[in-house]
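Using the UniProt record's numbering, you'd call the opening residue of the sequence shown number 1 and step up by one each time.
Even for Gly, the Cβ is constructed at its ideal location relative to N, Cα and C.
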Amino acid sequence: MEALWMVSVTFLSIGYGDVVPHTYCGRSICLLTGIMGAGCTVLVVAVVARKLELTRAEKHVHNFMMDSHISKRIKICAANVLRETWLIYKHTKLSRERDHTRVRMHQRKLLLAIHQLRRVKMEKRILADQGNSLVDFCKMQSLMYDVLSEVQSCRGELDSHIHILEKHVEELRDGFRSLMPLLSSTLSTQNSSIRHLLREMEVKTEIASASVDSTTV
């Protein structure tokens, strides 16, 4: 019975201190059981909070409904301010006999309506800031996605251009390699023709000099 009482009260609840472990093994078991219980509680709370959290669309709908509700409250508060202002003007300027008690009552109501109007406007401003932060996050996410897609497309185009340039460089290299034997052959033929012309010119000059010598003799 004491074991059942200890398990049900000390392990599963806060315990009353009437039954406590005295050995190190029992104390270590109690400590591990408490840690496991805290971990299980945290997991349950996290799962429930995740399930109860609103999605993005639900947040947009909730913000829209709250905006419309706060707009109605602002209109009501503004109407109350105008009504109390009109009643104060009526009891102070239009009536012949001024009723100070009613004037003070409407002044208190006017101050209360102004305070409510300011509070509702502050709530609307806070809601607008929350909606803007949500929209800004969505816009930033879409902008980052667009930038990443543009960078990827530019990278693909750059890779294709680099591949085309490599092909052109290879073609130019092959062209230069095929051009070298042609240049060497043309240079050799030109050198041989130049040598032949030089020999002919030397022969002609020798013949001319020999004819000149014979005429002088």
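- Under the DSSP assignment, Leu4 falls in the alpha helix (DSSP H) whose first and last residues are 2 to 5.
- By the neighbour-count definition (other C-beta atoms within 10 Å, threshold 16), Cys77 is a buried residue.
- Per DSSP, Tyr24 is one residue of the alpha helix (DSSP H) stretching across 24 to 52.
- Considering only Ala128, Leu182, Arg177, Ser149, the residue with the shortest C-alpha distance to Ser71 is Ala128.
- At a cut-off of 3 residues, not a single continuous stretch assigned as beta strand (DSSP E) sits fully inside the stretch 149 to 201.
- In this structure Glu2 is exposed. Its beta-carbon is surrounded by fewer than 16 other beta-carbon atoms within 10 angstroms.
- In this structure, the straight-line span from the alpha carbon of Val169 to that of Ser178 is close to 14 Å.
- For Thr92, same chain residues with a beta-carbon under 7 Å away, outside a window of 5 residues either side, are Arg98, Val103 in chain order.
- When secondary structure is reduced to three states using DSSP, Tyr16 falls in the coil class, being assigned neither helix nor strand.
- In the three-state scheme derived from DSSP, where H, G and I count as helix and E and B as strand, Glu84 is classed as helix.
- The C-beta separation of His106 from Leu87 comes to about 5 Å, placing the pair in contact by the 8 Å criterion.
- Taking the Cα positions, Ser28 is about 10 Å away from His22.
- CA-CA distance, Thr41 to Lys59, rounds to 27 Å.
- A Cβ-Cβ contact shorter than 8 Å links Leu110 with Thr85.
- A direct Cα-Cα distance of roughly 15 Å separates Thr205 from Arg195.
- Contact between Gln130 and Asn63 holds: their C-beta atoms lie close to 7 Å from each other, under 8 Å.
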